[in-house]
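Only one structure is covered here, and it is reproduced in the block below.
In the working numbering, the protein residues as written are 463 to 693.
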């Protein structure tokens, strides 16, 4: 898959398709812009569309995930800290060092410029995924044993607009954005999905199962609505 680099929007992936009749730009699950275009369409057509549609593209990006204001020293997830260091390089970069997410920021750029925010977001996704894989499977297994239920396996994502889901074969999918919310809300989501292994619906019987493991589930459900699973 080829890409083009835009000064404002960063890396934009290109997907050519025999089914495409015109150029279309949308927000991909990873939060970046993706252009689909006919097999033999020239690249200048994509660049021209980007140039003429900047306001619309900004609105699409803002709608797809909330605008996060990043600050030096802010907490990322449960255990990572954002560290900003001025760099002589022309482009920004992000890397993890222990529990630090280090952003190398060129002197002429601001941390919350759109292209830089995407670099920080990519680093944030990596940090949250590491935290999620370290914490969530153990906590899920503990809560499953405590409530006497079982599941087949656990998967992780960040592309979904949901905190979690449970398939009919017992596979539980969890959004790594769970690491952004308080621990009691993480437990609520895990209990919610574990309860679906017995009740694949939201019937009274389902909520009774949830309530057996989380007596405050109504309060936790309300609190969770104040957060977003987007990163």
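We put the beta carbon where it would ideally sit given N, CA and C, even for glycine.
Small disclaimer: the values here were computed from a predicted structure and weren't measured.
Thinking just about the alpha-carbon of each residue, which of the options is nearest to the one in residue i?
i: residue 678; options: 574, 542, 572, 649; result: 649
i: residue 542; options: 497, 498, 522, 588; result: 588
i: residue 562; options: 539, 659, 580; result: 539
i: residue 674; options: 645, 608, 623; result: 608
i: residue 476; options: 576, 465, 660; result: 465
i: residue 578; options: 664, 560, 556, 634; result: 556
Just to confirm, are residue i and residue j a CB contact at a threshold of 7 Å?
i: residue 647; j: residue 682; result: yes
i: residue 548; j: residue 571; result: no
i: residue 638; j: residue 591; result: yes
i: residue 516; j: residue 499; result: no
i: residue 480; j: residue 487; result: no
i: residue 495; j: residue 474; result: yes
i: residue 449; j: residue 657; result: Summary: the structure shown does not reach residue 449, with the chain confined to residues 463 through 693, and so no result is reported for it.
i: residue 618; j: residue 602; result: no
i: residue 659; j: residue 613; result: yes
Taking residue i and residue j to be in contact with their CB atoms under 8 Å, please state how far apart those CB atoms are, rounded to whole angstroms.
i: residue 626; j: residue 654; result: 7 Å
i: residue 616; j: residue 599; result: 5 Å
i: residue 641; j: residue 594; result: 5 Å
i: residue 512; j: residue 523; result: The Cβ separation is near 12 Å, so there is no contact.
i: residue 691; j: residue 624; result: 6 Å
i: residue 605; j: residue 573; result: That belief does not hold up - the Cβ atoms of residue 605 and residue 573 are roughly 38 Å apart, past 8 Å.
Can you tell me where the beta strand (DSSP E) holding residue i begins and where it ends?
i: residue 485; result: Here residue 485 belongs to no beta strand (DSSP E), and DSSP marks it neither H nor E.
Starting from residue i and walking both ways along the alpha helix (DSSP H), at which residues does that stretch end?
i: residue 671; result: 666–675
i: residue 661; result: Neither: residue 661 is in no alpha helix (DSSP H) and is coded neither H nor E.
Q.
Using a Cβ distance threshold of 8 Å, determine whether the stretch 500–512 contacts the stretch 525–545, with at least three qualifying pairs required.
A. Counting C-beta pairs closer than 8 Å gives fewer than three between the stretch 500–512 and the stretch 525–545, which falls short of the contact rule.
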